[in-house]
Amino acid sequence: IAATQPSTNWHLKENAREHHTSKFSSEELIVRRGQAFTITFNGTERPEQNLIFIAETGPKPSKASKTLATFDISSTVSKEGWSAVLQSTSSNSVSISISSPHNAVIGRYRLSVQSGSSSPQSLGTFVLLFNPWSSGDDVFMPNKAECEEYVLEEFGIIFAGNKNHISSFGWNFGQFQGDILNICLSIMDRSLYYRQDPLTDVSHRHDPRYLGRVLSAMVNANDDQGVVLGNWSGKYEGGKNPTSWTGSGEILQSWKKSGFKPVKYGQCWVFAAVLTTVLRCLGIPTRTITNFSSAHDADGNLRVDEFYDADGNHLERGADSVWNFHVWNESWFTRNDLGPSYSGWQVLDATPQEESGGIYQCGPASRHAIKEGEVDLDYDGPFVFAEVNADCMYWNYDSATGKKTLIFSKSTEIGASISTKAVGRDDRVDVTRDYKYEEGSAKERDIFKKARKKLGLEDKFDPTAPKQEEVEQKPDISGKFKVAGSLEVGKDLNLLLVLENLQSDAKTVNVNMTAWSTLYTRRRVNQIWKDSLSVTLAPKEEKQFPIKIKYPEYQQQLTTDKTIQVTALCHVEDGIQVLVKRNITLDNPAIDIQVLGEAKVNKEVFVEVAFTNPIDAEVKDCVLQVEGSDLLQGILELRIPPLKASEKSSTKFKLIPSEAGLKHLLVNFSCDKFADIKTFKTVNVIN
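Rendered as structure tokens:
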């Protein structure tokens, strides 16, 4: 019989090194499943005799639900269940190597030991995670560089802007910082699935497919008081503007500190970035994906309808929309439910757009299934397929008569330049070909028809046999907007409207033009400008009309998304209407970071951030926000005095790096005239 409570040595450093968990800053053992870890404990006499170990997790552990395991000392590692192999013994202590199965439930475990007929004694707790380094695990990723990027990397780059003008910003995922692991574990325990049936929920936590779906629901606040509350109104009182966040840590910490009240506010990249943090923390390889000209097909017919009035104003009619960009996630795991060809990258989307199974969750949808038009496979194939493939229909709507007339349709508009960060580099990689065959190719159209057929849509709207009001006539003229000059906040916006007569007789055209500030979802917020012109085009003639929108005209109206939609509705006499439109994303002025000297572990190093006010007016309410995993604790916020026209400000602050390696410093500068100017700097920290 054991004399005293055993004291346990968890060999934290050695186990963490073996299990790729060294980046966690924890006094608790954190290991990955399907791999052995070593512990030493004393307080058991004749230790090699009849020792029985008990590992249990969740509220009511049971062998049936695989949340309870009892195992004694054996000479070899068990292929199926948990096992313990004796490493060494001394007069009063014993070293044991414990292995969990490849498909063990993940989470916090209680470990105890029983000797002979005495009652079990607690050895303490440890956390078990997914293991992408282990070939038996559902999340096994054979490429080690990809494991480093998609599980261990705390810095990411998110792509935004629009397909003509892709921009990017850094993000601090911070999955190994402070209390993030505990917060991730509590997210699982607050899901609707857990509340309805805790025992079943915990028993499913061996399955990345299940957890991916549950967590896609929990990251948004809809249904379950999840982590982030979405807001696409353009007004963000009572919370933070979604463009102002620079990392997930602050969001997850705020959620916990407030007693698990949803954090205000998020938009798509915030949901995707937080889900990346949670899944990487738990050991599921995950990345963010940006889809440009992303369709939100609300009615499931694989097409999006946009309506315009006679003046060219984009109308808020119908629930369909096209976003300049949308960010979701891909996670890497096998699909035992679908078969080997559907394994690999799976689409998850935590942005609350449409309900699935009664709640706002989306995925996992196999990326391979999306490419092949297999929209009937679990989960949410039709919605994800439409995001990258829907056809666009542009209508003229007369509110007086309720009559709608098709202006034109386009099958190559949606799903452009699908982007993600490169492995081990700060570059963009285009993954469009992984989502669909070449746009406009026969194969791509065949897959689109296959998807429509699977959804029972082939007879409702077939582009080859349209109904009468959907007959698309050939236009007499073509038009486009060209950008002339720079697209920068603070500068005038110069565009050219180019109109070309496609016919061999003269055409008279009346053009109504508008410019609206919008959100990145293309939702209109404020009208900036309108104008009209009348022109006669000689046969085959092309004419250019310069358009200038001055900074003072748009400055007050611009949203923090810095997006403007310009449209020209061209009424051709005795011909059909032609819609010319362009979505423009303006760039912020630049901000510069310099690291002054060499960055060394536990040594102070100064950083200088410089900004020059580019406009002819004073800017005030200037705030600089700085964060970076392993470079500084939490977030540094610095207030900066107002800057006169063309004045340069330079701000210095110090860092004390805590770990060697390539680290990223993220900076966000805001003032009354410019919102959220972001940049990042790579800092090489040496020992």
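Residue numbers for the sequence shown, in full-length UniProt numbering: 1 to 687.
We treat Cβ as the ideally placed atom computed from N, Cα and C, and that holds for glycine.
The beta carbons of arginine 32 and leucine 129 sit about 5 Å from each other, so the pair counts as a contact at 8 Å. By the criterion of at least three beta-carbon pairs nearer than 8 Å, the region 292–312 is in contact with the region 415–425. Three or more Cβ pairs closer than 8 Å define a contact, and the region 266–283 falls short of that threshold against the region 551–558. With respect to the C-alpha of valine 347, the residue from Thr514, Val375, Pro364 and Tyr236 having the closest C-alpha is Pro364. Taking a 10 Å sphere around the C-beta of arginine 195, we find fewer than 16 other C-beta atoms and assign the residue as exposed.
For aspartate 592, the enclosing beta strand (DSSP E) has its first and last residue at 592–596.
The beta carbons of glycine 178 and leucine 666 sit no closer together than 8 Å. Pairing isoleucine 166 with glycine 249 gives a Cβ-Cβ distance that is not under 8 Å. Contact between valine 525 and histidine 571 does not hold, since the beta-carbon distance rounds to 26 Å and is not under 8 Å.
Secondary structure note for valine 483: its beta strand (DSSP E) is the uninterrupted segment 477–483. Between valine 127 and serine 99, the C-beta gap is not smaller than 8 Å, which leaves the two residues out of contact. Straight across, the Cα-Cα distance linking proline 340 with leucine 569 is about 50 Å. At a Cβ-Cβ threshold of 8 Å, proline 285 and glutamate 488 do not count as neighbours.
A direct Cα-to-Cα measurement between isoleucine 686 and valine 605 gives close to 12 Å. For proline 208, the enclosing alpha helix (DSSP H) covers residues 208–218. For asparagine 15, the three-state secondary structure derived from DSSP is helix. Just measuring C-alpha positions, the residue of Thr38, Ser216, Glu374 and Arg335 sitting nearest serine 97 is Thr38.
If you draw a 10 Å sphere on the C-beta of valine 607, you find 16 or more other C-beta atoms in it, and that means buried. Of the residues assessed, phenylalanine 481 falls on the buried side of the cut-off, its CB having 16 or more other CB atoms within 10 angstroms. Contact annotation: isoleucine 576 and isoleucine 549 have beta-carbon atoms that are not nearer than 8 Å.
Counting only the Cα atoms, threonine 276 lies some 9 Å from serine 331.
Inter-residue distance for alanine 84 and leucine 51 is about 10 Å (C-alpha atoms, whole angstroms). Between the C-alpha atoms of alanine 599 and asparagine 684 there is a straight-line separation of about 7 Å.
For alanine 272, there is no enclosing beta strand (DSSP E); the enclosing alpha helix (DSSP H) has its first and last residue at 268–282.
The C-beta of lysine 453 has fewer than 16 other C-beta atoms within 10 Å across all chains shown, which makes the residue exposed. In terms of CA proximity to asparagine 162, Arg582 leads the group Arg582, Ser646 and Leu631. In the three-state reduction of the DSSP assignment, lysine 550 falls in the coil class, being assigned neither a helical nor a strand state. The region 627–635 makes no contact with the region 579–593; the number of CB pairs closer than 8 Å stays below 3. Closest option to lysine 644, judged by alpha-carbon separation, among Cys671, Lys663, Glu637 and Pro657: Cys671. In the three-state DSSP reduction, aspartate 587 falls in the strand class (E or B).
The C-beta of glutamine 473 has fewer than 16 other C-beta atoms within 10 Å across all chains shown, which makes the residue exposed. By the neighbour-count definition (other C-beta atoms within 10 Å, threshold 16), glutamate 149 is a buried residue.
Per DSSP, reduced to three states, the secondary structure at threonine 200 is helical.
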